[in-house]
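Inspection log for the structure reproduced underneath, given as structure tokens.
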Amino acid sequence: MVNLSNSSNKTELTGDLKAIVEEITYDEQQHVMLLRSALGSAAIAKPAINLDALGTGFEGFLHFIALARAFEDVGVSAYGGAAPLISSSAILATAARIALTEAYHAGSLRTIAAANKDPYLFTVDSQDILPPPAGRQYFTVNTQALSIVRTPGQVLAIVYHNTTNGATAGGFFPNGVNGNITSVSA
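All residue numbers for the sequence shown refer to our numbering, where the first residue is 70 and numbers rise by one.
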């Protein structure tokens with residue numbers, strides 16, 4: 070496999086890896102602008118975010134890839150879990166397109182992690198499937214080759230870093246999130 074780091078000391082984002090990360094960053098910024106625009110006055114305020122909640126992700130590029138892989142895999146599964154809650158076919162169609170883009174991101178990050186034998190990969194919950202060499206498969210799919218989905222409550226358990234039923238804050242969102250769904254649920 071190709072080593073996409075282009076860095077012998079594994080501490081910098083350079084070359085192809087930097088281009089991929091910059092493209093993902095741009096896509097994520099566009100998603101936020103699209104969603105805020107679509108929601109208009111119904112858009113909620115941005116909550117306080119602690120990106121260093123796990124104490125990892127910024128020491129070097131493999132740490133970053135491990136954290137970014139977790140974010141993207143959870144994000145893809147979150148769209149799948151939220152889909153049944155969307156009643157508007159127009160909104161569902163846009164959400165599906167965002168989910169497809171997130172799947173591209175997740176696949177790229179999983180490939181980068183596997184190609185670089187990322188030793189910092191970690192599981193976020195019992196459904197998480199790590200890419201090789203730490204895990205058993207390149208894609209986060211079940212035995213029927215369907216993507217893993219997580220309910221909003223399961224996603225909140227991950228981002229709060231707290232699986233306690235009813236938890237409303239912690240981890241990446243030290244003060245909780247804004248909106249209608251704010252607590253961990255089974």
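Glycine residues also receive a C-beta, built at the ideal position from the N, C-alpha and C atoms.
Note that the structure is predicted; figures quoted are calculated from it, not measured.
A distance below 8 Å separates the beta carbons of Ile118 and Phe241. Spatial neighbours of Ala226 in its own chain (CB-CB distance under 6 Å, excluding positions within 5 residues in sequence) are listed in chain order as Thr232 and Val253. The C-beta separation of Leu120 from Asp187 comes to about 19 Å, leaving the pair out of contact by the 8 Å criterion. Contact fails between the stretch 95-110 and the stretch 184-203, because fewer than three Cβ pairs, one in each stretch, are under 8 Å apart.
Contact check for Pro202 against Ala151 fails: the beta carbons are separated by 8 Å or more.
Membership of Thr170 in the alpha helix (DSSP H) is indicated by the continuous run Ser158 to Ala184. Taking the Cα positions, Tyr229 is about 13 Å away from Ile250. Annotated three-state conformation of Ser195 is coil, per DSSP.
Glu141 is positioned such that its CB atom lies closer than 8 Å to that of Glu171. When Ala122, Ala183 and Ala139 are compared, the shortest CA-CA separation from Pro243 is found for Ala122.
For Ala137, same chain residues with a beta-carbon under 7 Å away, outside a window of 5 residues either side, are Leu178 in chain order. DSSP, reduced to helix, strand and coil, places Ser252 outside both helices and strands of the structure shown, so it counts as coil.
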